[in-house]
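As numbered in mature numbering (1 follows the signal peptide of the UniProt record, and there is no 0), residues -19 to -1, 1 to 131 make up the sequence shown, in order. Here is the structure we will look at.
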Amino acid sequence: MTKKLLILLFFLGSFFMQAQTLAWRTSMTDAIAISNEERKPMLILFTGAGVSDNLQNEIFKTPDFAVWSRDNVVLVKLDLSDSSASDGDREQNLKLKNAFGVQDLPEVCFALATVRKNKTTFSALGKIAYKPGGAKAWIAESNLILHPVE
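Next up, the structure:
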């Protein structure tokens, strides 16, 4: 009995550890390549210093989000206040923020991108900000953006 309990605890612990170690990309070039290779849209989180942690704590740090994101999207985090980013990356991130019409931080945009002749074209699928209600409600709304009912 204790052996089964230990095995169960091991698997549950592994599951919850995975929820804390999401693979957020910070390079759009890498994210686009992975998105196209895996045929998944990108979830682009626009964030900055001093923004509310509600989205991070109530949505992104949950096991439900970890499982959903692994199966559905490529995670990209663009921190607009990152002082370690190169000037080119900061400029690119601000252009993307403006192109996607992001007003308030943090905000998430879902997008696909193609690269032809060294020119990147983005196709915005939709955007979503933090809303109270937990991870399941946020995921349900995200699924409506990613898989619209026609």
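C-beta atoms are modelled at their ideal positions from N, C-alpha and C, and glycine is treated no differently. Keep in mind the model is a prediction, meaning the values are calculated, not measured.
{"Check": "C-beta contact flag for isoleucine 13 and alanine 94 at 8 Å", "Outcome": "yes"}
{"Check": "Assigned secondary structure, arginine 20 (DSSP; H/G/I helix, E/B strand, else coil)", "Outcome": "coil"}
{"Check": "Stretch-stretch touch, CB-based, cutoff 8 Å, three pairs: the stretch 78 to 90 with the stretch 108 to 120", "Outcome": "yes"}
{"Check": "Three CB pairs or more closer than 8 Å across the stretch 117 to 124 and the stretch 43 to 59", "Outcome": "yes"}
{"Check": "Beta-carbon contacts of valine 15 that lie in its chain and below 6 Å, excluding the five residues immediately before and after", "Outcome": "At residue 15 the sequence reads isoleucine, which differs from the valine that was named. The residues are Val55."}
{"Check": "Of the listed residues Ile40, Lys58, Gly107, nearest to threonine 10 (C-alpha basis)", "Outcome": "Lys58"}
{"Check": "CB of aspartate 60 within 8 Å of CB of glycine 29, strictly", "Outcome": "yes"}
{"Check": "8 Å Cβ cutoff met for threonine 43 and alanine 116", "Outcome": "yes"}
{"Check": "Cβ-based neighbour list, arginine 6, same chain, cut-off 6 Å, excluding 5 preceding and 5 following", "Outcome": "Ala12, Val57"}
{"Check": "Asparagine 35 CB to nearest heavy atom of the ligand MN below 7 Å", "Outcome": "In terms of ligand content, the structure shown is empty, and the ligand MN therefore cannot be addressed."}
{"Check": "Cβ-based burial, proline 22 [other Cβ within 10 Å; buried from 16]", "Outcome": "buried"}
{"Check": "Rounded C-alpha distance that separates residue 141 from glutamine 73", "Outcome": "As shown, the chain starts at -19 and ends at 131. That puts residue 141 outside it, with no answer to give."}
{"Check": "Alpha helix (DSSP H) segments (min. 4 residues) lying fully within the stretch 35 to 83", "Outcome": "44 to 53, 68 to 80"}
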